[in-house]
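Presented below is the structure to which this report refers.
There are 2 protein chains.
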Amino acid sequence: MSEPTNPTDAPTLAVIGGGQLARMMQQAAVGLGVPIRLLAEGPGVSAAQVVRDPLVGDYRDLATLREVAADCAVVTFDHEHVPPEHLRALDAEGHACRPGPHALLYAQDKYEMRARLTELGAPCPRWALVDDVADVEKFAAVGDGLPVVLKTTRGGYDGKGVWFVRTPEDAAEAFASGARILAEERVDFVRELSALVARSPSGQVAAYPIVESRQRDGICHEVIAPAPAIDHNLAVEAQQLAIRIASELDVVGILAVEMFETSAGVLVNELAMRPHNTGHWSIDGAITSQFENHLRAVLDLPLGDPAPRSRWSVMVNILGGTVGRLYDGYPHVMARDSRIRVHLYGKSVRPGRKVGHVTAYGDDLEDVLTRARHAAGWFAGEIEEDA
Amino acid sequence: MSEPTNPTDAPTLAVIGGGQLARMMQQAAVGLGVPIRLLAEGPGVSAAQVVRDPLVGDYRDLATLREVAADCAVVTFDHEHVPPEHLRALDAEGHACRPGPHALLYAQDKYEMRARLTELGAPCPRWALVDDVADVEKFAAVGDGLPVVLKTTRGGYDGKGVWFVRTPEDAAEAFASGARILAEERVDFVRELSALVARSPSGQVAAYPIVESRQRDGICHEVIAPAPAIDHNLAVEAQQLAIRIASELDVVGILAVEMFETSAGVLVNELAMRPHNTGHWSIDGAITSQFENHLRAVLDLPLGDPAPRSRWSVMVNILGGTVGRLYDGYPHVMARDSRIRVHLYGKSVRPGRKVGHVTAYGDDLEDVLTRARHAAGWFAGEIEEDA
Numbered sequence: 001m002s003e004p005t006n007p008t009d010a011p012t013l014a015v016i017g018g019g020q021l022a023r024m025m026q027q028a029a030v031g032l033g034v035p036i037r038l039l040a041e042g043p044g045v046s047a048a049q050v051v052r053d054p055l056v057g058d059y060r061d062l063a064t065l066r067e068v069a070a071d072c073a074v075v076t077f078d079h080e081h082v083p084p085e086h087l088r089a090l091d092a093e094g095h096a097c098r099p100g101p102h103a104l105l106y107a108q109d110k111y112e113m114r115a116r117l118t119e120l121g122a123p124c125p126r127w128a129l130v131d132d133v134a135d136v137e138k139f140a141a142v143g144d145g146l147p148v149v150l151k152t153t154r155g156g157y158d159g160k161g162v163w164f165v166r167t168p169e170d171a172a173e174a175f176a177s178g179a180r181i182l183a184e185e186r187v188d189f190v191r192e193l194s195a196l197v198a199r200s201p202s203g204q205v206a207a208y209p210i211v212e213s214r215q216r217d218g219i220c221h222e223v224i225a226p227a228p229a230i231d232h233n234l235a236v237e238a239q240q241l242a243i244r245i246a247s248e249l250d251v252v253g254i255l256a257v258e259m260f261e262t263s264a265g266v267l268v269n270e271l272a273m274r275p276h277n278t279g280h281w282s283i284d285g286a287i288t289s290q291f292e293n294h295l296r297a298v299l300d301l302p303l304g305d306p307a308p309r310s311r312w313s314v315m316v317n318i319l320g321g322t323v324g325r326l327y328d329g330y331p332h333v334m335a336r337d338s339r340i341r342v343h344l345y346g347k348s349v350r351p352g353r354k355v356g357h358v359t360a361y362g363d364d365l366e367d368v369l370t371r372a373r374h375a376a377g378w379f380a381g382e383i384e385e386d387a
Numbered sequence: 001m002s003e004p005t006n007p008t009d010a011p012t013l014a015v016i017g018g019g020q021l022a023r024m025m026q027q028a029a030v031g032l033g034v035p036i037r038l039l040a041e042g043p044g045v046s047a048a049q050v051v052r053d054p055l056v057g058d059y060r061d062l063a064t065l066r067e068v069a070a071d072c073a074v075v076t077f078d079h080e081h082v083p084p085e086h087l088r089a090l091d092a093e094g095h096a097c098r099p100g101p102h103a104l105l106y107a108q109d110k111y112e113m114r115a116r117l118t119e120l121g122a123p124c125p126r127w128a129l130v131d132d133v134a135d136v137e138k139f140a141a142v143g144d145g146l147p148v149v150l151k152t153t154r155g156g157y158d159g160k161g162v163w164f165v166r167t168p169e170d171a172a173e174a175f176a177s178g179a180r181i182l183a184e185e186r187v188d189f190v191r192e193l194s195a196l197v198a199r200s201p202s203g204q205v206a207a208y209p210i211v212e213s214r215q216r217d218g219i220c221h222e223v224i225a226p227a228p229a230i231d232h233n234l235a236v237e238a239q240q241l242a243i244r245i246a247s248e249l250d251v252v253g254i255l256a257v258e259m260f261e262t263s264a265g266v267l268v269n270e271l272a273m274r275p276h277n278t279g280h281w282s283i284d285g286a287i288t289s290q291f292e293n294h295l296r297a298v299l300d301l302p303l304g305d306p307a308p309r310s311r312w313s314v315m316v317n318i319l320g321g322t323v324g325r326l327y328d329g330y331p332h333v334m335a336r337d338s339r340i341r342v343h344l345y346g347k348s349v350r351p352g353r354k355v356g357h358v359t360a361y362g363d364d365l366e367d368v369l370t371r372a373r374h375a376a377g378w379f380a381g382e383i384e385e386d387a
């Protein structure tokens, strides 16, 4: 691959997708002196606002992908939706896709993921592919009966494409979507954990501390790093599991393994192969952020220390609420707490949309939680008080 | 002022000048969700590489300044070289220049600075305007004789426009430049200190800890935060002096006061009204970086906590050396020290040019110094060892 002409001759990295993950990659890339060539869904999307000359186009179009990858030795992603056949084509033409299509498959298709993890002996909820309501009833009958969880094998995220099935009628709704459906037992979990690792093509792995993730309406809402009062052996088990999955699946970049903590140990819930919402705390809370380590990993540079800088970090998502202009939240939030870290993504506000996050860190978990919740709640318009 | 159409309706900030300071402002602006409209000296300069649609043009041209300021309520700066009459014109047309021309004057002209600081009773080296070699000899004779320091009142930086005068012949060289010349006593200093404060139009001030700055060939090379073994009263005096100067001169944004520490206290050496090399440690070492606080100040948002996050932070500049491609230094530097923070500015390497910096932090100053010096030295090609 020829490299682009830029003053430093650093390699240019192609990034597919212009969401907030690409935006935060750009912040890290600016520091590293690595130029980013962005393929954005539209001229005004989150990352397109903050890079030079974004290419606006469709990531499902191979010619567009070729255009953005030209002069880039390495291609990486804001999301997991690029068609695998296009990734294989780019790879064959000398643009290393990281993670590669053979790995991304397991983040794109929940059936492939479950089948492979089961083969690896990784702990999963009981699961089966189901074709109709009768299959669901059969699956339920083997266990404790309904409820069970149905998921489309492809395309679901943030609670979309997931059905919590209490009655056969609920199941019918899932099949009405026409998608291929996976059934999973409903896990009686203590809490949700997330294990993030960065892995480079050379095989180096850096493991972030296990964090606790709290959902609201199926969307990650709050992350506490590290997971409070976690059993040491369980934390090590969860980190080792994530490292093993990253290695066996040949993931390059960040792998997030979302897990259920149960009384019997951990079960894998989901995989994501890109910087992940449960790792946003690392921007302010870790020595090396997940975004910088994602870039270092895909560029096959040595990884940075993922250790936390403070005893506790809490990240709370800012979800679009009743406040029209997020910027107007700054005077109150910043004056009230001069240590709070705010990240806004340049996105217009829609109810429930992730438009930013805040991070607080410190020695006292209750204090850190309270500060982060207050700031995020203020931006969302959930709190009223005299400023 | 009408605000630009952007998805969040956050105000757009105009930044004049596309050097590394503007580049690092952009990193902070991305986090805050504040769009930057950049006027760059050329299409490939440091900051122009990392913002959307930079305007390339001449900051000495009023029409160009008007073009970049259009739709921006606030204008700020990467450097202090914009002609004051243009700033007054922009101000009059409703674009708040921060800092304003009435303050910037004191960073642009060393005579004006010395006269004003003397009026304020701020401690300065003995000084006088000199017109010829005879004036210099007269100035020297009042004190301890030669050597004395001559400086052009305008346009000098990083050791340029400064003459260390040991003989009348040395002085002749300064006058040959044709510039207006200021004479200053040669200060017998213990070390150089720097006091950074951020000040908002509302008058809020945040003071960073006093740091020690070490020069090499007239260029800031190494910064230790906080200044080791500094007398507590001296540190408070230096902070209060910087706060007082910022307030009296009505500085908005970052003010850096470079000082000499002498056996009798501190003397003001230089003023800079923009983020400053002696504050780069704050990106990784402070709760709020000088770049974020500069933006918060010029946007009149409440300021962030400037306190350090670690006991010691050391920043070492990467000066252009024998290594052609800085990126090639990454494998060694990152593998040797997974905690080192590297910032490359996207600049081509020329001997002595500031092309990046590294920051190390931790509890043990000797260790932190050694790590930062090694990394910067490696990038500059000054160190050879087996990786």
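Residue numbers (full-length UniProt numbering), protein chains in the order written: chain A, 1 to 387; chain B, 1 to 387. Cβ atoms here follow ideal geometry from the backbone N, Cα and C, with glycine treated the same way. All values derive from a computational prediction rather than experimental measurement.
Taking 8 angstroms as the upper bound for CB-CB distance, Ala207/A and Ile243/A are in contact here, some 6 angstroms apart. At a cut-off of 8 angstroms between beta carbons, Arg353/A makes no contact with chain B.
Contact of Asp305/B with chain A is assigned, a C-beta pair being separated by under 8 angstroms. The beta-carbon distance between Ile16/B and Phe77/B, rounded to whole angstroms, is 5 angstroms. This is short enough to meet the 8 angstroms contact definition. Boundaries of the beta strand (DSSP E) around His343/A: 341 to 344.
DSSP lists Val162/A, Leu182/A as the bridge partner or partners of Lys151/A. In this structure, Gly352/A and Gly320/A form a Cβ contact; the two beta carbons are roughly 6 angstroms apart against a cut-off of 8 angstroms.
Contact between the segment 163 to 170 of chain A and the segment 112 to 120 of chain A is absent: fewer than 3 CB-CB pairs across the two stretches fall below 8 angstroms. In the pairwise beta carbon analysis, the segment 171 to 191 of chain B is classified as touching the segment 140 to 153 of chain B: at least three pairs are separated by under 8 angstroms. Your pair Ala73/B and Ala96/B checks out as a contact, with CB atoms roughly 6 angstroms apart and the cut at 8 angstroms. Beta-bridge pairing by DSSP links Ser194/B to Val211/B, Glu258/B. Against chain B, the CB of Ser348/A has a partner CB under 8 angstroms away; the residue lies at that interface.
Shown here for Gly329/A: same chain residues with a beta carbon closer than 7 angstroms to its own, the five before and five after excluded, namely Val323, Trp378, Phe379 in chain order. Contact between the segment 28 to 44 of chain A and the segment 325 to 345 of chain B is present: 3 or more CB-CB pairs across the two stretches fall below 8 angstroms.
If you compare the alpha carbons of Pro306/B, Ala128/B, Asp300/B, Val130/B with that of Val211/B, the shortest gap goes to Pro306/B.
One finds Val50, Val51, Arg52 in chain B with Cβ atoms closer than 9 angstroms to the Cβ of Val51/A, taken in chain order.
Spatial neighbours of Tyr111/B in its own chain (CB-CB distance under 8 angstroms, excluding positions within 5 residues in sequence) are listed in chain order as Leu129, Thr153, Arg180, Leu182.
Every beta strand (DSSP E) of 3 residues or more that sits fully in the segment 59 to 96 of chain A is shown, in chain order, as 74 to 77. By the neighbour-count definition (other C-beta atoms within 10 Å, threshold 16), Gly279/B is a buried residue. Against chain B, a Cβ distance below 8 angstroms from Pro302/A picks out Tyr330, Pro331, Met334, Ala335, Ser338. Per DSSP, the unbroken alpha helix (DSSP H) holding Leu241/B starts and ends at 232 to 248. Comparing alpha carbon positions, the residue from Tyr59/B, Pro228/B, Arg60/B, Arg23/B closest to Val45/B is Arg23/B. Neighbours of Arg296/B in chain A, taken as residues at a C-beta separation under 9 angstroms, are given in chain order as Tyr330, Met334.
The beta carbons of Met315/A and Val251/A sit no closer together than 8 angstroms.
Taking each of Gly42/A, Leu241/A, Ser338/A in turn and checking the Cα distance to Val56/A, the smallest one comes out for Gly42/A. Along the segment 7 to 27 of chain A, going in chain order, the ones with a CB nearer than 9 angstroms to a CB of chain B are Pro7, Thr8, Asp9, Ala10, Pro11, Arg23, Met24, Gln26, Gln27. Beta-carbon to beta-carbon, Phe291/A and Pro275/A are separated by about 5 angstroms, close enough to satisfy the 8 angstroms threshold.
Rounded to whole angstroms, His357/B and Ala63/A show a C-alpha spacing of 39 angstroms. Annotated three-state conformation of Met334/B is helix, per DSSP. Contact between Leu267/B and Val187/B is confirmed by a C-beta separation of about 6 angstroms, below the 8 angstroms threshold.
For the segment 55 to 72 of chain B, the beta-carbon criterion of a distance under 7 angstroms to any beta-carbon of chain A is satisfied by none of its residues.
Scanning chain A for C-beta atoms nearer than 9 angstroms to the C-beta of Pro35/B yields Gln49, Val50, Gly346, reported in chain order.
The bridge partners DSSP lists for Ile16/A are Leu39/A, Phe77/A.
Ile383/A carries a coil assignment under DSSP once its states are collapsed to helix, strand and coil.
Contact with chain A is absent for Ile245/B, since none of that chain's Cβ atoms lies less than 8 angstroms from the residue's Cβ.
In this structure, Arg296/B is the residue among Arg296/B, Arg311/B, Ser310/B with its C-alpha nearest to the C-alpha of Gly304/B.
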